[in-house]
Structures are given as structure tokens and as C-alpha cells.
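Engineer: In our numbering, the protein residues as written are -19 to 305. Quick reminder that beta carbons are idealized off the backbone N, C-alpha and C, glycines included. Have a look at the structure that comes next, please.
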Ligand SMILES: [Zn+2]
Ligand SMILES: [Zn+2]
């Protein structure tokens, strides 16, 4: 399966845990947490649809200012999702600056506060100096907090002595093309395949696609092409869990959204020798993270957010997690 999500640990395993996820073939990306983000190119920041904040300790939240600086002229809105209190904290950041020169700027920011049974959304605009906020509250049932034509994001509220969100991004369905049929039918691969995938994912199955063939362009309905060319398989799943205590309740919540994840990004703050400190601070040890990866049946595991005391001991961290690759 050719992956649709390309995740990148922006600050390596050692520093602020930030995972940038690019959506293949689209000017779209999401990011999990937003500590230091100097490792991102401006164009990567400009592609961001949404930032998902686990909690607002500084190492997970301070990069919002830098992102804002880069996207200030942007037409596409930015969505920020976070735990209880995120609305006031984002608005407080915005209100720290002077905005008398932004009246013509189209940027809108939507802040989504994830609570037990509701999502509280707030819109604020550069044109109004981020001074007014339009609020909207919606019941939350199930785990999904964000939807796009290519992905959805599920969240759970975990315990880090404060509410801390854990996230999974899921591809809605993975569309595979039968290469052998393309050749047999005399079709010539080209941009029309991307267009066909788009139509399938957005449900526009009656759209006519200009198919390039040996004998010229043939207009064919997407539904007909889908029938002969496409196999849909379960989509890719990438999980992000950081700053959590190793409690039964937290594990149960993680299992509810992240079983069989293709990629798991998980904090490994301490070695197991510090497990008592880990419980007090609401962090995981590498051994605990490895155990959770096993419980989730994660296919690939990436440690992150290693405490400075272990920065020269990454091999020990990986060994304790029992990572083979
Ligand atoms: Zn924290
Ligand atoms: Zn942290």
C-alpha cells in the first residue's frame, strides 16, 4: 500500500515532540503539537489545515506564535484543536500583539476545545484584530473531532495530571489502482488517475473523467472506472500519544482509537528506572511505551520526547521499548 500520509518527527526523538503529517498529492497537512517548529519550512507551515495540541505545557504550544507569523496573509483558515482551556490560551496569545494593520487580511482562526461531551468552537479573524469571537457548541459523540475529504482525526482525553489529548489520523479509505488492468485496457497513466481518486473519495461518482488511452481521450464516468480499476482497502492510521501516565484508564482510552495503527508516535520520557517519577509527573517510561505499543498492535513505533537526562542513551531507550528496526 502506497502511504497517503507522510509523517515527520520535526525535532527528532530528543526535543519537543512535534509530528508534521503531509497528505500526499495535496496541499494539505496537519500537525500534532506545536512546541519548537524551526525545523519546518515556511511552505510546510502554509499547507497546514489544522494543529492538534495535546496540552499547553510550553514544549507543546509555544510554536503557535511562529506559525501565526507565517500564515498571517493566508486565505485558508487555520484550525486549532486542544483540551479544556485551549480557547482562552490561543486568544491570549493573539491578544498579546497589536493588530491595527490587518484589516485587509483574510485569515480566520477556528479554535476547537475538546470537552467530555461537547466541542466548543470559536472563530476569530485577523480583519477584526482577533478582537471578536464567534462561538458555537456542538455535542460530541464518538471519537471523531475533525473531518476532511482525505482524513479524519479521532481524539481521547488522557490523564497527565491535567487533561491531555491523544490523537489518531485515519485515512477514510485507501484507493489502490489495478496497474495490470491499466495496461491491458490500453490506458495511459496520467493526471486523470488523480482526478479519478478524488472523485471516488468525495463521492462524485457520476463525474466524467478524460481517460488517456492508446486511441485518444475517452470520457468515462468515475463509477464505471472505479468498478474496473480500483480496489478500496482500509486506510492508513497514524497515532500520537505524549505526556501521559501509564494508567489502566489511559491505556483503555488509547485502545479505543488506535488499535492496529500503522505508525505510533509515543513519548518515552524516562527509562524504567524512573518509573516512580514517571507516575508522579504523568509521563511514560520507554518500557511502558513499548508495552502500550504491543497492546495497540502498532506496526511501527517511533519514540519521542526523551528527557534530556537520557539524550545520549537513545539505544537504551529503544532497547527497553524492544524496537527491532
Ligand atoms: Zn506536559
Ligand atoms: Zn512535554
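Pull the bridge partners of residue 218 from the DSSP assignment, please.
Structural biologist: Residue 218 is bridged to 149 and 243.
Engineer: Does the Cβ of residue 92 lie closer than 7 Å to at least one heavy atom of ligand 1?
Structural biologist: The answer is no for residue 92.
Engineer: So, under 8 Å CB-CB, residue 248 and residue 269 are touching, yes? Tell me the CB distance rounded to an integer number of Å.
Structural biologist: Their Cβ separation, rounded to whole angstroms, is 5 Å, which keeps residue 248 and residue 269 in contact under 8 Å.
Engineer: Any heavy atom of ligand 1 closer than 7 Å to the CB of residue 139?
Structural biologist: No, the beta carbon of residue 139 sits no closer than 7 Å to any heavy atom of ligand 1.
Engineer: Pop quiz: residue 166 and residue 128 are said to be a contact at Cβ under 8 Å. What is the actual Cβ separation, rounded to whole angstroms?
Structural biologist: Residue 166 to residue 128, Cβ: 35 Å. No contact.
Engineer: Can you have a look at residue 150 and say buried or exposed, based on whether 16 or more other CB atoms are within 10 angstroms of its CB?
Structural biologist: Burial call: buried.
Engineer: Identify the continuous alpha helix (DSSP H) that holds residue 161 and give its terminal residues.
Structural biologist: Per DSSP, residue 161 belongs to the alpha helix (DSSP H) from 159 to 164.
Engineer: Under the rule that 16 or more other beta-carbon atoms within 10 Å means buried, what is residue 186, buried or exposed?
Structural biologist: Label assigned to residue 186: exposed.
Engineer: With DSSP collapsed to three states, give me the class of residue 42.
Structural biologist: Here residue 42 sits in coil by DSSP.
Engineer: Please work out which residues of its chain come closer than 6 Å, Cβ to Cβ, to residue 70, disregarding the five sequence neighbours upstream and downstream, and give them in chain order.
Structural biologist: Correct list, in chain order: 60 and 91.
Engineer: By alpha-carbon positions, which one of 24, 227 and 201 ends up nearest to residue 261?
Structural biologist: If we check each option's Cα against that of residue 261, 227 comes out closest.
Engineer: Grab me the residues of residue 330's own chain with a C-beta within less than 6 Å of its C-beta, minus the 5 sequence neighbours each way, in chain order.
Structural biologist: With the chain represented from -19 up to 305, any question about residue 330 goes unanswered, as that position is not in the structure.
Engineer: For residue 174 and residue 31, I'd like the C-alpha separation in whole angstroms.
Structural biologist: Cα-Cα distance, rounded: 26 Å.
Engineer: So if DSSP puts residue 212 in a beta bridge, which residue, or which two residues, is it bridged to?
Structural biologist: Partner(s): 155.
Engineer: Would the beta-carbon of residue 52 fall within 8 Å of that of residue 85?
Structural biologist: Taking 8 Å as the Cβ cut-off, residue 52 and residue 85 qualify as a contacting pair.
Engineer: Which class does residue 276 belong to by DSSP, given the choice of helix, strand or coil?
Structural biologist: Correct three-state label for residue 276: coil.
Engineer: Output yes or no for whether 8 Å exceeds the beta carbon distance between residue 75 and residue 110.
Structural biologist: In contact: residue 75 and residue 110 (Cβ atoms closer than 8 Å).
Engineer: Restricting to Cα atoms, I'd like to know which of 94, 207, 200 and 63 is closest to residue 157.
Structural biologist: Closest by alpha carbon: 207.
Engineer: Does residue 300 pass the burial test, meaning 16 or more other C-beta atoms within 10 Å, or should it be called exposed?
Structural biologist: Classification for residue 300: buried.
Engineer: Taking buried to mean at least 16 other C-beta atoms within 10 Å of its own C-beta, is residue 116 buried or exposed?
Structural biologist: It counts as exposed.
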